[in-house]
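Participant: Sequence order for the protein chains is A and B.
The first sequence begins at 1 in the UniProt record's numbering and counts up by one.
The second sequence begins at 1 in the UniProt record's numbering and counts up by one.
Don't be surprised by glycine CBs; every beta carbon is placed ideally from N, CA and C.
The structure displayed is predicted, hence computed values, not measured ones.
Sharing a structure here in structure tokens format.
Protein chains: 2
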Amino acid sequence: MLASAFMVGPAREATKGATRDSLRRHNLATVLRRVHRGGPQSRSALTAATGLNRSTIGALVAELVECGLVEEGEPEATGSAGRPSPLVRASTDHVVAAAVDIGTKWLTVAIGGIGGTLVTRVHRETNNDGRPYEETIAELCDLLDEVVGDLLPTQHLFAVGIAAPGVVRAHDGFVHFAPNLGWREVNLGADLAAHLGDDIVVFVANEAHLGARAEHLRGAGAGVEDLIYLSSEIGVGGGTIIAGRLQLGADGYSGEIGHIPVNTGPDATSCRCGSVGCLEAETGALALLALTGHQHTDHLSDAVRGIIATAAAGDEDVQRSLHEIGVRLGRGLAGMVNLLNPRRIVLGGYFADAFEFLAAGIDAELAQHTLSPSRSGVTIVPAALQEDSALLGALEIALEPLLLDPARSPAAAA
Amino acid sequence: MLASAFMVGPAREATKGATRDSLRRHNLATVLRRVHRGGPQSRSALTAATGLNRSTIGALVAELVECGLVEEGEPEATGSAGRPSPLVRASTDHVVAAAVDIGTKWLTVAIGGIGGTLVTRVHRETNNDGRPYEETIAELCDLLDEVVGDLLPTQHLFAVGIAAPGVVRAHDGFVHFAPNLGWREVNLGADLAAHLGDDIVVFVANEAHLGARAEHLRGAGAGVEDLIYLSSEIGVGGGTIIAGRLQLGADGYSGEIGHIPVNTGPDATSCRCGSVGCLEAETGALALLALTGHQHTDHLSDAVRGIIATAAAGDEDVQRSLHEIGVRLGRGLAGMVNLLNPRRIVLGGYFADAFEFLAAGIDAELAQHTLSPSRSGVTIVPAALQEDSALLGALEIALEPLLLDPARSPAAAA
């Protein structure tokens, strides 16, 4: 069953109806989200955090246990007097979701659930660049079948979240293009939904949007409500979290940070999008290769890591090249800081690995090109999750319907 | 009483409590907002639109009448059978708000209320550029006192919304700087709140943010949930509406579109912010003067209108200069389209007046520098409200507490 990624938030949902049932479901979701985001916690802690009374929390936790989404474990050790309060923790024994990362050189399928951690994964090295779409999808479907076949008999697969390195239409997972895979106008969402059947919800989203979401929830942007995430491997992509929410734009195409013009001078580099001077062309892996005098290679990521290692070993020429990348990146970030007034900018991909060599160039450009109130309120940090960020974000979108309405759990229906 | 502009939305408010009273207040706000945004409408229309039953709507409308926010007028003429339904319309007989626009060359104070229209205004030509802050504020306070003195004995002033041409901190109306007024670090919000006293709520916001809000609610962006507003007079400022909400950024400083770098070449123009190649320096009034060979003048707006009139009269040199402005503007807009995937871009200030001469240049740059899915989903239009946009936006923020909770009406307390 194909579903639209990034549904409306819980608040809007909860105000639609005015019945006792909708209030109970709203409270159920509130408790589940606290455990999902905050980790194991006692009933007392949930009572204190939600403002609901002790017996209501008891009933809600019991219902979440029935839904197969949490379990109650040993009470936490407590120094204080009184009866210890049982610890409520996320469970993946009954309800799970799959997270899929489609890379240029790999396919990864992982299983996770409430709590937001990945419990198993299958990673296959496979060259998807330029390979026919149908072949990649066939292999992905095999991999999904394999992972689903390995689930315990008690585990229900509820949903699949897919990270795609391309321009994804939010409402149906149609991929306009994915340049690093050679895809143009493919029905990724619908094709996978057809394979998985009506009982499994399918979500597709841009990998950098999912990276932004994951870093916001569990990475270098945790606790920050206004952030920009920017990641560079072959391409440069990103996502913006504003007032705590991932912003998709009108159709889901926002965050194409890689194609913001940052060089309008005569030395601007051509971009594979057809334009010149794009942030991606000026700061991506190919720009770094060109600046350091390397030839193009099929193994771009390895080449880039090699270059960064050389800088770390003390090569000042390479350090200067990375500084220049930082300057160019800073010019792009300056525009975003002026436009969006973010609290934090999280840099992923090779920008994170090379962070120490980029930082001074970025700072200098921000000092030059941003207004001081916005500049003084923003910090720039390397990403914390790296390779797993797209997978963790894909898990989050797959879990979203459950987090909004835990009663949708397939274990509850069973 | 100083208040923070742009409070939390009604949905979040309504889910906090679970009492019957909060539900009634939520419904009251829903009905009031429908009349505020949709204009006069019958009880039957409100019943149909809200899904509430007829007697509930009757009770809610009666309470809004008691709060002094709406009135019931003659039934609308109807061709259908049955008893005609009374028409519910906004009233400014009892509760009003003031909207203030602080310009370089003027001070305007207008009075309006629910319904979003300005019913009276006082406009004073006065040179605020470079004048001491205290003098401008003293004159503004006199003007406010005058307008308040002219209210009917039945009218209560509930709140004042102020549009300031500067970088405004959202939570307290502190103005970091307002370059066209020569202000630096002034307590605009607190100073006006001290003058107006505890019974009147004071909001301060950036004029372009308010323009964005007004165009979104009642202008060229009506009905569009993702839009960028961009306005050029002396400076270039803007605001972004994403998923229906004005985005302030982490501290309220977002929308500084004028300082996005758009020219990194050797011919980049110096900007008064200290940087070079900013959108404002490349496309603002001074850039147009320079391109058309005019001298700087104290009457920039008049000079710009004169230049546009020359283009309209057929001067091809001036038309070419405006085309060049369009190209530069298009480069800045391209980055925003890639980053935010808006549905509409609304151009205000002189960009609206010169729209026909800018459009081709903008389109050409968008074609060159944006990805096609985002480009095909966006349209670029001139603003509809122009001079009144900041005032109308200021009225909206002043009314926001009432629109969230009509029971706060001073008429209800009286």
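Flag Leu-371(A) as yes if its beta-carbon sits less than 7 Å from any beta-carbon of chain B, otherwise no.
Facilitator: Taking the first sequence and counting its residues from 1, one reaches residue 371(A) at position 371. Interface residue, yes.
Participant: Have a look at Asn-263(A) and Thr-92(B) and give me their C-alpha separation to the nearest angstrom.
Facilitator: Within the first sequence, residue 263(A) is the residue found at index 263, counting from 1. Within the second sequence, residue 92(B) is the residue found at index 92, counting from 1. Cα to Cα, the separation comes out at about 53 Å.
Participant: Give a yes or no on whether the minimum CB-CB distance between Ser-275(B) and chain A is below 7 Å.
Facilitator: For the purposes of this step, residue 275(B) is taken as the residue at position 275 of the second sequence. So yes, Ser-275(B) belongs to the interface.
Participant: Closer than 9 Å, Cβ to Cβ, to anything on chain A: give me those residues from the segment 245-264 of chain B, in chain order.
Facilitator: The residues in question are Arg-245, Gln-247, Leu-248, Gly-249, Ala-250, Asp-251, Gly-252, Tyr-253, Ser-254, Gly-255, Glu-256, Ile-257, Gly-258, His-259, Ile-260, Pro-261, Val-262, Asn-263, Thr-264.
Participant: Check the C-beta distance from Ile-257(B) over to Leu-339(A) and give it rounded, since I have them as a contact under 8 Å.
Facilitator: On the second sequence, residue 257(B) is found 257 positions in, with the first residue counted as 1. On the first sequence, residue 339(A) is found 339 positions in, with the first residue counted as 1. With a Cβ gap of about 6 Å, Ile-257(B) and Leu-339(A) count as contacting.
Participant: So, does the CB of Ala-18(B) fall closer than 7 Å to a CB anywhere in chain A?
Facilitator: For this step, residue 18(B) is matched to residue 18 along the second sequence. Low per-residue confidence applies at Ala-18(B): pLDDT is 48, beneath 50, and the placement is therefore not dependable enough to give any value.
Participant: Taking only beta-carbon atoms, is Gly-377(A) less than 7 Å away from chain B?
Facilitator: Against the first sequence, residue 377(A) aligns to sequence position 377. Interface residue, yes.
Participant: By the DSSP assignment, the alpha helix (DSSP H) with His-296(A) in it spans what residues?
Facilitator: As a first step, residue 296(A) must be located in the first sequence, where it is residue number 296. Element bounds for His-296(A): n/a, residue is neither H nor E.
Participant: Closer than 7 Å, CB to CB, is Val-35(A) near chain B or not?
Facilitator: As a position in the first sequence, residue 35(A) is number 35, starting the count at 1. No, its Cβ sits nowhere closer than 7 Å to a Cβ of chain B.
Participant: How many angstroms separate the CA atom of Glu-185(A) from the CA atom of Arg-169(A)?
Facilitator: Position 185 of the first sequence, counted from the first residue, corresponds to residue 185(A). Position 169 of the first sequence, counted from the first residue, corresponds to residue 169(A). Using only the alpha carbons, I get a separation of about 10 Å.
Participant: Can you find the residues in the same chain that come closer than 8 Å, C-beta to C-beta, to Phe-177(A), ignoring five residues on each side of it along the sequence?
Facilitator: By 1-based counting over the first sequence, the position of residue 177(A) is 177. Same-chain partners within the cutoff: Gly-166, Val-167, Trp-183, Arg-184, Glu-185.
Participant: Quick one, which residues of the segment 337-359 of chain A are near chain B if we go by CB-CB under 8 Å, in chain order?
Facilitator: Answer in chain order: Asn-338, Leu-339, Leu-340, Asn-341, Pro-342, Arg-343.
Participant: If you count every other CB in all the chains shown that lies within 10 Å of the CB of Gln-155(A), and 16 or more means buried, which is it?
Facilitator: The residue labelled residue 155(A) in the question sits at position 155 within the first sequence. Buried: at least 16 other Cβ atoms inside 10 Å.
Participant: Beta-carbon separation of Ala-290(A) and Val-346(A) under 7 Å?
Facilitator: By one-based count along the first sequence, residue 290(A) stands at place 290. By one-based count along the first sequence, residue 346(A) stands at place 346. The answer is no: Cβ separation not under 7 Å.
Participant: Per DSSP, what kind of secondary structure is Asn-338(B) in: helix, strand or coil?
Facilitator: Sequence index remark: in the second sequence, residue 338(B) carries index 338 (1-based). Helix, per DSSP.
Participant: Threshold first: 3 residues or longer. Then list the beta strand (DSSP E) segments lying entirely within the segment 50-99 of chain B, N to C.
Facilitator: Correct list: 70-73, 87-90.
Participant: Cα separation between Leu-404(A) and Ile-260(A)?
Facilitator: Taking the first residue of the first sequence as position 1, residue 404(A) is located at position 404. Taking the first residue of the first sequence as position 1, residue 260(A) is located at position 260. Those two C-alpha atoms are separated by around 35 Å.
Participant: Identify which residue in Ile-242(A), Val-236(A), Leu-210(A) has its Cα closest to the Cα of Val-224(A).
Facilitator: In the first sequence, counting from the first residue as 1, residue 224(A) sits at position 224. Ranking the options by Cα distance to Val-224(A), first place goes to Ile-242(A).
Participant: I believe Val-70(A) touches Ile-111(A) by the beta-carbon criterion, under 8 Å. Please report the beta-carbon distance rounded to the nearest angstrom.
Facilitator: Counting from one through the first sequence, the residue named residue 70(A) turns up at place 70. Counting from one through the first sequence, the residue named residue 111(A) turns up at place 111. 18 Å between Cβ atoms; not a contact.
Participant: What residue range is occupied by the uninterrupted beta strand (DSSP E) comprising Arg-218(B)?
Facilitator: By one-based count along the second sequence, residue 218(B) stands at place 218. Premise fails: Arg-218(B) lies in the alpha helix (DSSP H), 207-218, not in any beta strand (DSSP E).
Participant: From the DSSP output, read off the bridge partner residues of Arg-272(B).
Facilitator: Numbered from 1 along the second sequence, position 272 holds the residue referred to as residue 272(B). In the DSSP output, where bridge partners are listed per residue, Arg-272(B) has none listed.
Participant: Flag Val-8(A) as yes if its beta-carbon sits less than 7 Å from any beta-carbon of chain B, otherwise no.
Facilitator: Numbered from 1 along the first sequence, position 8 holds the residue referred to as residue 8(A). For Val-8(A), the pLDDT reaches just 34, beneath the cut-off of 50, and the residue's location in the model is therefore unreliable, leaving the point undetermined.
Participant: Hey, could you find the ends of the beta strand (DSSP E) Ala-163(A) is sitting in?
Facilitator: Your numbering for residue 163(A) matches position 163 in the first sequence. Note, Ala-163(A): beta strand (DSSP E), 156-164.
Participant: Does the CB of Ala-334(B) have a neighbour CB from chain A at under 7 Å?
Facilitator: Position 334 of the second sequence holds residue 334(B). So, interface residue.
Participant: I'd like to know whether the C-beta of Val-167(A) is nearer than 7 Å to at least one C-beta of chain B.
Facilitator: The residue given as residue 167(A) occupies position 167 in the first sequence. True, the Cβ-Cβ gap to chain B drops below 7 Å.
Participant: Could you pull out every unbroken beta strand (DSSP E) segment of at least 3 residues lying fully inside the segment 220-265 of chain B, listed in chain order?
Facilitator: As far as the segment 220-265 of chain B is concerned, its whole beta strand (DSSP E) runs of at least 3 residues are 227-232, 236-242, 245-247.
Participant: For His-216(B), would you say it is in contact with chain A, using Cβ-to-Cβ distances shorter than 7 Å as the test?
Facilitator: If you number the second sequence from 1, residue 216(B) lands on position 216. No, because no Cβ of chain A sits closer than 7 Å to the Cβ of His-216(B).
Participant: Give a yes or no on whether the C-beta atoms belonging to Gly-211(B) and Val-202(B) are separated by under 7 Å.
Facilitator: Position 211 of the second sequence, counted from the first residue, corresponds to residue 211(B). Position 202 of the second sequence, counted from the first residue, corresponds to residue 202(B). No, the Cβ-Cβ distance between Gly-211(B) and Val-202(B) is not below 7 Å.
Participant: Hey, quick one: how far does the alpha helix (DSSP H) through Thr-136(A) stretch, first residue to last?
Facilitator: Residue numbering aside, residue 136(A) sits at position 136 when the first sequence is read from its first letter. Looking at the DSSP string, the run of the alpha helix (DSSP H) that includes Thr-136(A) is 133-149.
Participant: For Leu-64(B), is the classification buried or exposed, using 16 other Cβ atoms within 10 angstroms of its Cβ as the cut-off for buried?
Facilitator: Within the second sequence, numbered from 1, the residue matching residue 64(B) stands at position 64. Buried, by the Cβ-count rule.
Participant: Any idea which residues DSSP pairs His-123(A) with across the strands?
Facilitator: Position 123 of the first sequence, counting from 1, holds the residue named residue 123(A). Bridge partners of His-123(A): Thr-108(A).
Participant: Check Val-304(B) in the structure and name its three-state DSSP category.
Facilitator: For the purposes of this step, residue 304(B) is taken as the residue at position 304 of the second sequence. The answer is helix: DSSP assigns Val-304(B) an H, G or I state.
Participant: How is the beta strand (DSSP E) around Phe-177(A) delimited, first residue to last?
Facilitator: For the purposes of this step, residue 177(A) is identified with residue 177 of the first sequence, where counting begins at 1. That run of the beta strand (DSSP E) goes 175-178.
Participant: What are the residues of the segment 176-208 of chain B that lie near chain A, defined by any Cβ-Cβ distance shorter than 9 Å?
Facilitator: Residues His-176, Phe-177.
Participant: Between the segment 210-237 of chain A and chain B, which residues of the former have CB atoms less than 7 Å from a CB of the latter, in chain order?
Facilitator: Per Cβ criterion, the list reads Asp-226.
Participant: Using beta-carbon positions only, say whether Leu-385(A) and Leu-395(A) come within less than 7 Å of one another.
Facilitator: Within the first sequence, the letter at position 385 stands for residue 385(A). Within the first sequence, the letter at position 395 stands for residue 395(A). No, the pair does not count as a contact, with Cβ atoms beyond the cut-off.
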